[in-house]
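Undergrad: Would you mind keeping the following structure in view while I ask a few things?
2 protein chains.
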Amino acid sequence: MSAPVPLYQAKAEFFRVLGHPVRIRVLELLQDGPRPVRELLADIAIEPSALSQQLAVLRRYGIVVSRREGPSVVYELAGGDIAELLRTARRILTELITGQNELLAELRGAEAAAQ
Amino acid sequence: MSAPVPLYQAKAEFFRVLGHPVRIRVLELLQDGPRPVRELLADIAIEPSALSQQLAVLRRYGIVVSRREGPSVVYELAGGDIAELLRTARRILTELITGQNELLAELRGAEAAAQ
DNA sequence: TAGCGAATTGAAGAATGTTGCAAGTCGTGA
DNA sequence: TCACGACTTGCAACATTCTTCAATTCGCTA
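Protein sequence lines, in the order shown, are assigned to chains R and Y. The first sequence runs contiguously to residue 115 in UniProt numbering. The second sequence runs contiguously to residue 115 in UniProt numbering.
In structure tokens form, the structure reads like this:
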């Protein structure tokens with residue numbers, strides 16, 4: 001192979017690709033099955049070209065695949081485990097946010113006490 | 001709460017935070033348990049200040065926590081599920097890379113046939 | 001309490017990523 | 001084969017993120 005990319009770098013790159021609001025929304029929509037661009041566009045209110053750019057990123061990394069169906073283009077998740085990753089992420093996020101809220105509550109309490 | 005951040009945006013932000021080579025390496029090292037900065041520094045060959053910057057990012061998002069132990073500062077993973085997320089990511093990545101290699105092999109074959 | 005090692009912070013410039021618009025491709029039906 | 005809808009691509013302006021280096025903080029001990 002040409003470039004022996006270290007694994008940790010590939011991993012970082014992978015997460016970075018997931019780290020964009022539009023791309024995440026696309027992946028979440030695709031969890032329920034294949035969808036034409038037209039529908040994605042209806043759910044995510046952005047310019048067609050902006051969506052296309054982000055779809056191109058997901059495609060370039062092999063996270064989604066696309067095929068033409070007559071006049072429209074249909075996208076779907078490439079691997080079966082992406083959905084699981086998103087679920088795990090959601091769980092962690094819930095934990096983190098809960099933790100932050102507790103912390104926030106504590107801080108508020110301390111603040112009030114200090115007044 | 002002050003800002004009603006949409007969930008998909010929080011999720012994207014979370015992935016983006018994971019999407020950095022140094023941060024990923026730190027998280028992988030911390031999977032085996034708490035470690036002082038000094039040790040992280042020994043494993044990841046970068047300047048102390050650069051590591052500190054990235055640790056600060058992880059801390060800011062509540063992904064790791066730090067505490068001072070005498071002369072050194074010890075870091076550890078904040079939530080229990082981060083390790084699982086990393087494992088899932090590794091599995092997906094393995095799939096993706098395998099898929100890409102197969103594709104590459106096909107392309108090479110086709111190329112050779114076309115010559 | 002002066003000094004040293006360990007780690008963090010601040011700030012500026014460099015590098016990357018994102019957005020928006022204009023132009024281009026590809027099917028399909030008139 | 002012209003025209004139109006559905007997408008994609010190229011590119012320049014703009015925004016964010018990273019790196020680097022100097023300055024600073026915090027414990028500890030001589």
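We put the CB at the ideal spot given by N, CA and C, even for glycine.
1. Count the other C-beta atoms from every protein chain shown that fall within 10 angstroms of the C-beta of Val5 (chain R), then say buried if there are 16 or more, exposed otherwise.
2. In whole angstroms, what is the alpha-carbon distance linking Arg35 (chain R) and Glu28 (chain R)?
3. Mind checking if Glu76 (chain R) is an interface residue toward chain Y, Cβ cutoff 8 Å exclusive?
4. Tell me the residue span of the beta strand (DSSP E) that contains Glu47 (chain Y).
5. Give the interface partners of Pro34 (chain Y) over in chain R, defined as CB-CB distance under 8 Å, in chain order.
6. Starting from Tyr75 (chain Y), follow its DSSP beta bridges and name the residues at the other end.
7. Our contact map puts Arg16 (chain Y) next to Gly19 (chain R) with C-beta atoms below 8 Å; I'd like the distance itself, whole angstroms only.
8. Hey, would you say Ile92 (chain R) sits closer than 8 Å to Gly79 (chain Y), going by beta carbons?
9. Can you tell me the Cα-Cα spacing of Arg67 (chain Y) and Tyr75 (chain Y), whole angstroms?
10. Taking Gly70 (chain Y) as the reference, which of Y:Ala83, Y:Asp81 and Y:Val37 has the closest Cα?
11. Comparing the C-beta of Thr88 (chain Y) with each C-beta of chain R, is any distance below 8 Å?
12. When the Cα atoms are used, what is the spatial distance from Val26 (chain R) to Ser72 (chain Y)?
TA: The answer reads as follows:
1. Per the 10 Å Cβ criterion, exposed.
2. Just so you know, the alpha carbons of Arg35 (chain R) and Glu28 (chain R) end up roughly 11 Å apart.
3. With its beta carbon at least 8 Å from every one in chain Y, Glu76 (chain R) lies outside the interface.
4. Element bounds for Glu47 (chain Y): n/a, residue is neither H nor E.
5. Result: empty, since nearest Cβ-Cβ is about 18 Å, beyond 8 Å.
6. Y:Arg35 and Y:Ser66
7. 3 Å
8. yes
9. 7 Å
10. Y:Val37
11. yes
12. 44 Å
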